[in-house]
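Read the structure below first, then the notes.
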Amino acid sequence: MLYRRSSRILSEHLAPLPEPLACLLRAGEEVTPGAVTALGARALLDLAAVAGTAQTWPSWLAPHQVPAAARLRAIIGRYGGALLADAVGLGKSYVALAVALAFGQPLVLVVPAVLVDQWRGLLRAQSVEAQIVTHESLSASEYRPSPPPTAPYRRLFIVDEAHRFRHPETRRYRALAKLVVGARVILVTATPVHNRIADLFNLFRLFLRDHDLTALGVPSLSRAARGELAADAVAAVAARLTVARSRRQVLAGYPAGPLGLAFPERGAGEIIRAGPTGEETLVQLIAGVRSLAAGGDAAGLLRLLLLTQLASSLAAFRASLGRYDAFLDLARAAAAEGRALSHGDFQRLFPPAETGDLQLALFPVLLPQGAEPAGVRDRDATHWLLELSKPVRDPKADALERLLGENPGKTIVFVRPRATVRYLLRRLRALRVAAVMGDAGLFGAGRAAPVDVLRAFAPRAQGASPPSAALETDVLIATDLLSEGLNLQDAARVIHYDTPWSPARLAQRVGRIDRMGSAHARIETVAFLPPPALDAALLLEWRLATKTQTQIAAGAAQVEAPAGRAETSGPLDWCDRLQRLLSVAAPAGRDGAVAAVAGEADVVVLIVRIGSLVEALAVTGSEARPDPDHVTQVFEHAASAAPQPVDRARLGKAVRIAAPLVRARLTALEAARWRAEDRDRMGRRLVPWVLAAARRAARRGNARELSRLDALVSRLALGMTAGEEVLLEELLERRKSLPIGDVLAWHERLPPVSEGAEAPLVELVAALLVTPP
6 MLYRRSSRIL SEHLAPLPEP LACLLRAGEE VTPGAVTALG ARALLDLAAV AGTAQTWPSW
66 LAPHQVPAAA RLRAIIGRYG GALLADAVGL GKSYVALAVA LAFGQPLVLV VPAVLVDQWR
126 GLLRAQSVEA QIVTHESLSA SEYRPSPPPT APYRRLFIVD EAHRFRHPET RRYRALAKLV
186 VGARVILVTA TPVHNRIADL FNLFRLFLRD HDLTALGVPS LSRAARGELA ADAVAAVAAR
246 LTVARSRRQV LAGYPAGPLG LAFPERGAGE IIRAGPTGEE TLVQLIAGVR SLAAGGDAAG
306 LLRLLLLTQL ASSLAAFRAS LGRYDAFLDL ARAAAAEGRA LSHGDFQRLF PPAETGDLQL
366 ALFPVLLPQG AEPAGVRDRD ATHWLLELSK PVRDPKADAL ERLLGENPGK TIVFVRPRAT
426 VRYLLRRLRA LRVAAVMGDA GLFGAGRAAP VDVLRAFAPR AQGASPPSAA LETDVLIATD
486 LLSEGLNLQD AARVIHYDTP WSPARLAQRV GRIDRMGSAH ARIETVAFLP PPALDAALLL
546 EWRLATKTQT QIAAGAAQVE APAGRAETSG PLDWCDRLQR LLSVAAPAGR DGAVAAVAGE
606 ADVVVLIVRI GSLVEALAVT GSEARPDPDH VTQVFEHAAS AAPQPVDRAR LGKAVRIAAP
666 LVRARLTALE AARWRAEDRD RMGRRLVPWV LAAARRAARR GNARELSRLD ALVSRLALGM
726 TAGEEVLLEE LLERRKSLPI GDVLAWHERL PPVSEGAEAP LVELVAALLV TPP
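For what it's worth, my numbering labels the leading residue of the sequence shown as 6, then goes sequentially.
Rendered as structure tokens:
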């Protein structure tokens, strides 16, 4: 009787929703613009994940370092790792150590050997225990890590000068990747971008699975690292994992505090054009080098190496010509035996310490097996070049000697080849000069430990007593092994006697003296550039300009050019701006909050949670695009703007425009669960083999083994970190016939895999409408 008059709902009465996602992306209460910007900023910065967990930071952190530490802690809490890439001199070591202490896990430091003493001093000052692993030990052919103090997957690693691990094919990268499996990782470098921003994703793969950032538009970290994805998407995602602030940002945005933020003034960079011999001889030498043809497809790299050594000094050029002559003999013998030269052959002839940034590892690949690399003509040309390059007048060394004599003061002179170091040490013996070449130090003709040379040159910065009169040093000649991390603020000038290929290397060099704590009110840089004929052959300035533009576009916190420093801001900058906005924003609203303001732009901002991650969408006209940098600009304007009435119809239209993009991200998340776009990957290829083993276990009724195999399939299908992939590769290479039990044992030694929700959630975190007046 109760339902006698109720209407009957028939199937023909039902109609599909015009946009199903509009139900999920439904706005909630209307609040102030400040509350919406605070809500959106907290979500984008992952600070909501640590809300309510008050953190007391050590008193030895400066005011500008506390926000960096807070954000790093949030990033690591979300992703398992983070990149600290503040500009040189802002105290990255202190920030990284404070963050590590906040997590309270056993600490491992991965640092260059030259920085071990500096890190030990910092640890000692803060009463912190840590295991130290050097970069050099990871490069050894058979690295054997010492047993961890606790369970292997409950450690935190600080990797200093992390840019050294941007190439995944190197021995040191593979060793580190295995070492950090399942651990938290803090990557530290002032120069994260050397060639392209995509290289950062090789670093991120140390702690992220290949598909972990799919919800943010990066379905594969390995594809991003290969440069296969859109540059703007890659940059926006890299910013979420990075704290990268320039000095200008820090000085403008944070109070000085008790520790101060005093940096020396930078003088205008001086440029000197000079070659190692007279112009006529130089032109002949360049022509002679260009005539060499040894090495087949590798000949161009060999010629570039010789020209680079010529730009440094005749001593370095002649040393490399000697190696080139030996290369001709060795290659001829190898050709007679029908074999190619090995990587080891090349490293003996052209050691990395002498070749700088040139990719000589390519030589064995480019030289055809069994091919005769050069004939008599190359040998005759080599001997002629040796005769022509006998030392005579050296305009480049003359200019250096004159500069040091007319403008005395503590100076670091950076060179590349060791032969040039020895040559300048002899040439400048009338001055108080010493040298450091990697693990070797030199006072005049006598050898010394590098640490003793550094203490004699920069006792104040090194915390050492003043040296004896016999060891006092005013000029330090150094290779680039000294350009990373060290404090040498006693010096007031850096001279790039050999200008490197990369602006990142320039920044590392100048960073030795351009730091807090300098005793000098003003510091200077001088760059020696090749004369026109040699620069045309090397294209040095063109290469530097190209890489400088890459770094500026990538938003590196500091970009150095031969003429001096350039302050930048770019795609890695928006997170810091959001964080500073939070410090003055109103209390955040609840999820789904919406507000409107008047402004010049005609845009609707949607902050959307897709799965476990948060995206910032800007809807303009009929287009929706992920653009957190633009959204940050909108938030900066809206934070203190007066509220306007919310046009719900306009908001609904914006949601419908954004829905296809959100749907595409959801589809990508589903595809990532089974690596649909990476069927050729090693782990994906193993899945059918494991499923066959699972069917056999099911037929036997072995529920325990079936459960283990199911978990193994999940790991293989969901993608791996770089370290997990390396471990699997090594397992597969070890055995021709691989038992399933070995793969199960590999899987069960690794940290558990979290598959996440079966159906990724989608919700609107916040919305902001901007309407032109």
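Backbone N, C-alpha and C define an ideal beta-carbon position, used for all residues, glycine too. Treat the numbers as computed from the prediction; the structure is a model and nothing was measured.
Backbone CA spacing between residue i and residue j [nearest angstrom]
i: residue 4; j: residue 729; result: Residue 4 lies beyond the residue range present for the chain, which begins at 6 and ends at 778; the question has no answer from this structure.
i: residue 295; j: residue 516; result: 36 Å
i: residue 29; j: residue 94; result: 47 Å
i: residue 525; j: residue 540; result: 34 Å
i: residue 632; j: residue 214; result: 24 Å
i: residue 112; j: residue 341; result: 53 Å
i: residue 189; j: residue 160; result: 6 Å
i: residue 528; j: residue 765; result: 54 Å
i: residue 412; j: residue 634; result: 46 Å
i: residue 607; j: residue 629; result: 13 Å
i: residue 580; j: residue 135; result: 31 Å
i: residue 317; j: residue 177; result: 29 Å
i: residue 241; j: residue 534; result: 35 Å
i: residue 390; j: residue 736; result: 50 Å
i: residue 443; j: residue 673; result: 47 Å
i: residue 523; j: residue 310; result: 37 Å
i: residue 483; j: residue 472; result: 19 Å
i: residue 668; j: residue 636; result: 21 Å
i: residue 592; j: residue 40; result: 6 Å
i: residue 96; j: residue 338; result: 53 Å
i: residue 162; j: residue 642; result: 39 Å
Given residue i as reference, the closest of the options once Cα atoms are compared
i: residue 243; options: 528, 500, 192 and 278; result: 192
i: residue 594; options: 25, 38, 27 and 31; result: 38
i: residue 670; options: 40, 219, 27 and 709; result: 219
i: residue 170; options: 36, 88 and 704; result: 88
i: residue 278; options: 644, 621, 500 and 774; result: 500
i: residue 245; options: 47, 126 and 472; result: 47
i: residue 652; options: 314, 600 and 433; result: 600
i: residue 285; options: 486, 400 and 224; result: 400
i: residue 498; options: 274, 397 and 619; result: 274
i: residue 432; options: 402, 458, 423 and 453; result: 402
Residue i burial status per 10 Å Cβ neighbour count (16 or more: buried)
i: residue 393; result: exposed
i: residue 61; result: exposed
i: residue 694; result: exposed
i: residue 385; result: exposed
i: residue 383; result: buried
i: residue 609; result: buried
i: residue 494; result: buried
i: residue 395; result: exposed
i: residue 225; result: buried
i: residue 388; result: exposed
i: residue 305; result: exposed
Reduced DSSP category for residue i - H, G, I as helix; E, B as strand; rest coil
i: residue 60; result: coil
i: residue 485; result: helix
i: residue 434; result: coil
i: residue 202; result: helix
i: residue 521; result: coil
i: residue 530; result: strand
i: residue 1; result: Residue 1 falls outside the range modelled here, since the chain spans only 6 to 778, and no answer is possible.
i: residue 446; result: strand
i: residue 143; result: helix
i: residue 655; result: helix
i: residue 39; result: helix
i: residue 110; result: coil
i: residue 756; result: coil
i: residue 224; result: coil
i: residue 87; result: strand
i: residue 541; result: helix
Presumed contact (8 Å Cβ cut-off) between residue i and residue j, rounded CB distance
i: residue 502; j: residue 438; result: About 13 Å; that fails the 8 Å criterion.
i: residue 104; j: residue 77; result: 5 Å
i: residue 749; j: residue 717; result: 6 Å
i: residue 430; j: residue 409; result: The Cβ separation is near 13 Å, so there is no contact.
i: residue 206; j: residue 85; result: About 15 Å; that fails the 8 Å criterion.
i: residue 613; j: residue 605; result: Between residue 605 and residue 613 the Cβ distance is about 24 Å, and since that is not below 8 Å, they are no contact.
i: residue 186; j: residue 726; result: 6 Å
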